Amino acid sequence: MSVTVQNLKSLMIEAGIDVDVVKALDPAVPLLKQGFDSFDLPAFSAAVESRYDITISDRDVLGLRTLDDFMTFVSKHAVSAFAER
Amino acid sequence: MSRNSACDLLRSNLDRHPGKAACLFENVVVDYAGLWADSCRFGNLLRQHGVKRGERVLIVLPDTPAFPFAFFGSLLIGACPVPVNTSLTVAEYSFLLEDSGAVVRICPSGHAVLAAEAPGLRVTLLCDAFGPPGLSGMAPALEPCMVGDDDVALILYSSGSTGQPKGVPHRPAALSAGAGLWGGPVLGLSDTDVVLSSSKLFFSYGLIANLLLPMGVGATTILHPGRPTPHDLFALIARHRPTVFFGVPTTYGQMIQSYDATARIDSLRLFFSCGEALPEIIYSEWRALTGIELLDGIGSTEVLNSPISNRPRRSLAGSCGEVVPGYDIRIVDDDGADVSDGAVGHLLVRGDSVCRGYWNRQDATAKTMLADGWLRTGDVVERRDGRYFHHGRSDDMMKIGGMWVPPNRVEETLRGHRAVVDCAVVARSSGGLDRIYAFVILRTDSVGTSALGQELRRHVLGRLPNYMCPLKIEFVTELPRTTTGKVQRFKLRGGQ
């Protein structure tokens, strides 16, 4: 499934994350280094699970640090989730 | 016997190593002689303002040297420091001022507490990072006021599952219990250690970890105002080279997510986690990443210590540890009968540092402080082979990011939105940590879209601290209830 940086940024804004923080994001830099706090990241993870109908395990959560990480994860798992149907 | 808590904690350091660093703050080193002198100056300033033995001093300060000066200065004159959260509303500060009966408030200029009103308040002292103007002109010595063993030396405030926060008074000896029973004998802290805590001094965990414990063993503490991000913490570690770090599971989770090759943590020999149950995944990931074990424990504002704690080189994933000598532990069923090993029950703790009764709250005291000195902590635990395992809470309180969240506060806020008829919130695990999930019944003219879900989250974020905002909002047509109408939260917690 194709997912773009813009798709995920829109989802962040829907999840209530500050628009200015989202606009300025560098996809390769850890989100916690760019203004995300300890509640933004789980809120975004929950929004990703809900939007793409995937489950992010506890171990996977700890490895999802950057927007690029989320892109890779969603592309891989959303495809398999859809393929299984 | 009469004693003074500030003398208990500081005097031996003053005699042994007056020039040793007590506090590191940015580029400033406050040695033990300086800490003692400025604490005496603060005490003399309070006395000059007419503050007397037993009177309460509300401290609303960030973690800067002014905090320990005000804290120990209050103790030295026999007054009672009341450290409180620096991020509350004016109404909350008014309650705390009135409930504690504080005669003094100490805060930075422009702080919200300045707009609060209380009948007994006589003095306001505005502080920068090193204290109020005029502090340096005060005498750097004083005759400490000796107080009785049963006097109130310190009051901390604890969130209640309903209603207002409860004042938790502590006797003088309790202030030394963290170092004397736990930090020294169990964790092995000594005067060679440098301590950093992500938890702020106004929290009981932060006060113990970042002040009472290091001062009690003659170590050095690192002060950092504000709420540090994981990158701030890595920078503080690189700059000040602590040997011991105290955090909450959420902090460790964030540090794992932020850890990279630039992180310099080789000065650290011990990591401790408290404030909420430590998920096994964070325990194992932390060890894999750093090579150092992460010790978990159960602490309580009412105990002013960690009566159950893991020990270095004996920690076990998923266990909050073993009994700390000096405390008695029981696990009982709903009828108060002791349960056998392997059975889950309510945690009771007894020990000299345990608070004997809430401040002006006989109702809450009767429910929590039982006969023969036992404290009902509200934790549900299990004991196996001498180790304890945390199974949650017996009340509705949620622990999110190490901070208490009463569910009714979130629910009342959600009900304040025009689209919401009723709701219930519970804690559910996400990423191994508890997060808030809300179940909302909408008005018939509202539709449960994801956009409305985000609008409700923003509604809460605009009115409550962000840790109280639900991670997820699910729209439902009814809530599970008992025959008497009480929401069955366990049913909402169960489903994923």
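Top line first, the protein sequences correspond to chains W and H.
Counting from 1 along the first sequence, just add 440 to a position and that's the residue number in our numbering.
Counting from 1 along the second sequence, just add 883 to a position and that's the residue number in our numbering.
Cβ atoms here follow ideal geometry from the backbone N, Cα and C, with glycine treated the same way.
Computed from a prediction, not measured in an experiment: that's the story for all the values here.
With a threshold of 7 Å between beta-carbons, can residue i be considered close to chain H, or not?
{"i": "W/L507", "result": "no"}
{"i": "W/F479", "result": "yes"}
{"i": "W/K463", "result": "no"}
{"i": "W/D498", "result": "yes"}
{"i": "W/V501", "result": "yes"}
{"i": "W/A486", "result": "yes"}
{"i": "W/A483", "result": "yes"}
{"i": "W/F513", "result": "no"}
{"i": "W/A518", "result": "no"}
For residue i and residue j, which I take to be in contact (beta-carbon distance under 8 Å), what is that distance rounded to the nearest angstrom?
{"i": "H/F925", "j": "H/F952", "result": "5 Å"}
{"i": "H/V1206", "j": "H/V1237", "result": "That pair is no contact at about 14 Å."}
{"i": "H/S885", "j": "H/M1029", "result": "4 Å"}
{"i": "H/A882", "j": "H/I1356", "result": "Since the displayed chain H opens at 884 and closes at 1379, residue 882 of chain H lies outside it and no answer follows."}
{"i": "H/D1076", "j": "H/V1131", "result": "Incorrect: roughly 20 Å between the Cβ atoms, too far for contact."}
{"i": "H/V1343", "j": "H/V1293", "result": "7 Å"}
{"i": "H/E1176", "j": "H/S1192", "result": "13 Å between Cβ atoms; not a contact."}
Under a CB-based cut-off of 7 Å, is residue i close to chain W?
{"i": "H/G1284", "result": "yes"}
{"i": "H/N1141", "result": "The residue you asked about is not Asn; residue 1141 of chain H is Ser in the sequence shown. Yes, because at least one Cβ of chain W sits closer than 7 Å to the Cβ of H/S1141."}
{"i": "H/S1202", "result": "no"}
{"i": "H/Q1337", "result": "yes"}
{"i": "H/T1133", "result": "yes"}
{"i": "H/E1294", "result": "no"}
{"i": "H/L1231", "result": "no"}
{"i": "H/G1377", "result": "no"}
{"i": "H/R1318", "result": "yes"}
{"i": "H/G1331", "result": "no"}
{"i": "H/S1042", "result": "no"}
{"i": "H/Q1245", "result": "no"}
{"i": "H/S1236", "result": "no"}
{"i": "H/S970", "result": "no"}
{"i": "H/G1275", "result": "no"}
{"i": "H/Q1137", "result": "yes"}
DSSP has residue i in a bridge; who is on the other side?
{"i": "H/H1210", "result": "The sequence given here places Tyr at residue 1210 of chain H; His does not occur at that position. Paired residue(s): H/G1234."}
{"i": "H/T1104", "result": "H/C906, H/V1078"}
{"i": "H/R1266", "result": "H/Y1271"}
{"i": "H/M1281", "result": "H/V1288"}
{"i": "H/P1381", "result": "Since the displayed chain H opens at 884 and closes at 1379, residue 1381 of chain H lies outside it and no answer follows."}
{"i": "H/S1313", "result": "H/L1316"}
{"i": "H/A1307", "result": "H/F1322"}
{"i": "H/L1258", "result": "H/V1232, H/M1252"}
{"i": "H/I1181", "result": "H/I1191"}
{"i": "H/K1049", "result": "H/S1041"}
{"i": "H/G1089", "result": "DSSP output for H/G1089 lists no bridge partner at all."}
{"i": "H/C963", "result": "H/R939"}
{"i": "H/T1007", "result": "H/R988"}
Cα-Cα, which of the options is closest to residue i?
{"i": "H/C923", "options": "H/T1332, H/N896, H/V987, H/C890", "result": "H/C890"}
{"i": "H/E975", "options": "H/L1347, H/V1370, H/P1290", "result": "H/L1347"}
{"i": "H/R1121", "options": "H/G1099, H/I1139, H/D1149", "result": "Reading off the sequence, residue 1121 of chain H comes out as Ala, not Arg. Of the candidates H/G1099, H/I1139, H/D1149, the one whose C-alpha sits nearest the C-alpha of H/A1121 is H/D1149."}
{"i": "H/R930", "options": "H/V987, H/C906, H/F1117", "result": "H/V987"}
{"i": "H/L1070", "options": "H/F1373, H/G1089, H/L1096, H/E1168", "result": "H/L1096"}
{"i": "W/Q446", "options": "W/T495, W/V462, W/D458, W/R491", "result": "W/V462"}
{"i": "H/A985", "options": "H/V973, H/G993, H/P991, H/P964", "result": "H/P964"}
{"i": "H/L1172", "options": "H/H932, H/C1157, H/R1276, H/R1147", "result": "H/R1147"}
{"i": "H/A904", "options": "H/Q1371, H/R1276, H/Y915", "result": "H/Y915"}
{"i": "H/P1162", "options": "H/T1251, H/G1201, H/L971, H/M1286", "result": "H/G1201"}
{"i": "H/G1050", "options": "H/H994, H/N968, H/I1105", "result": "H/N968"}
{"i": "H/E1361", "options": "H/L1354, H/Q1371, H/V973, H/C906", "result": "H/Q1371"}
{"i": "H/P1002", "options": "H/A995, H/R1244, H/L1297, H/D982", "result": "H/D982"}
{"i": "H/G1345", "options": "W/G456, W/L465, W/L448, W/R505", "result": "W/G456"}
{"i": "H/G937", "options": "H/D898, H/P1052, H/G1174", "result": "H/P1052"}
{"i": "H/I1164", "options": "H/Y1135, H/C1157, H/S1192, H/A1144", "result": "H/Y1135"}
{"i": "H/V1309", "options": "H/V1227, H/V1323, H/S1329", "result": "H/V1323"}
{"i": "H/V911", "options": "H/G1020, H/I1139, H/H1107, H/E1026", "result": "H/H1107"}
{"i": "H/A1022", "options": "H/N927, H/A1012, H/G1269", "result": "H/N927"}
{"i": "H/L979", "options": "H/C990, H/S992, H/P991, H/V996", "result": "H/V996"}
{"i": "H/C1157", "options": "H/S1183, H/G1063, H/G1331", "result": "H/S1183"}
{"i": "H/Y1350", "options": "W/E454, W/A483, W/D466", "result": "W/A483"}
Flag residue i as yes when its Cβ comes closer than 6 Å to any non-hydrogen atom of the ligand ADP, and as no otherwise.
{"i": "H/L1064", "result": "As for the ligand ADP, it is missing from this structure, which has no ligand bound."}
### Query
Relative to chain W, which residues along the segment 1339–1354 of chain H have a C-beta separation below 7 Å, given in chain order?
In summary, the residues of the segment 1339–1354 of chain H whose CB is separated from some CB of chain W by less than 7 Å are R1340, R1341, L1344, N1349, Y1350, C1352, L1354, in the order they occur in the chain.
### Cβ-based contacts, 9 Å cut-off: residues of the segment 1055–1082 of chain H near chain W
The residues in question: there are none.
### Query
Quick one, which residues of the segment 1167–1180 of chain H are near chain W if we go by CB-CB under 7 Å, in chain order?
Answer set for the segment 1167–1180 of chain H: E1168.
### Task
Taking only beta carbons into account, state which residues of the segment 1093–1123 of chain H come closer than 8 Å to chain W, listed in chain order.
Listed in sequence order: T1112, P1113, H1114.
### Query
What residues from the segment 442–474 of chain W come within 7 Å of chain H, judged by C-beta to C-beta, listed N to C?
Contact annotation: in the segment 442–474 of chain W, residues whose CB is within less than 7 Å of a CB in chain H are E454, A455, G456, P470, L472, K473.
#### Entry: Contact set between the segment 1145–1164 of chain H and chain W, restricted to residues whose Cβ is under 8 Å from the partner
Hits within the stretch, in order: P1162, I1164.
### Task
Check distances from the C-beta atoms of the segment 1298–1314 of chain H to those of chain W and list, in chain order, the residues that come in under 9 Å.
Close to chain W, meaning a Cβ-Cβ distance shorter than 9 Å, are the following residues of the segment 1298–1314 of chain H: S1312, S1313, G1314.
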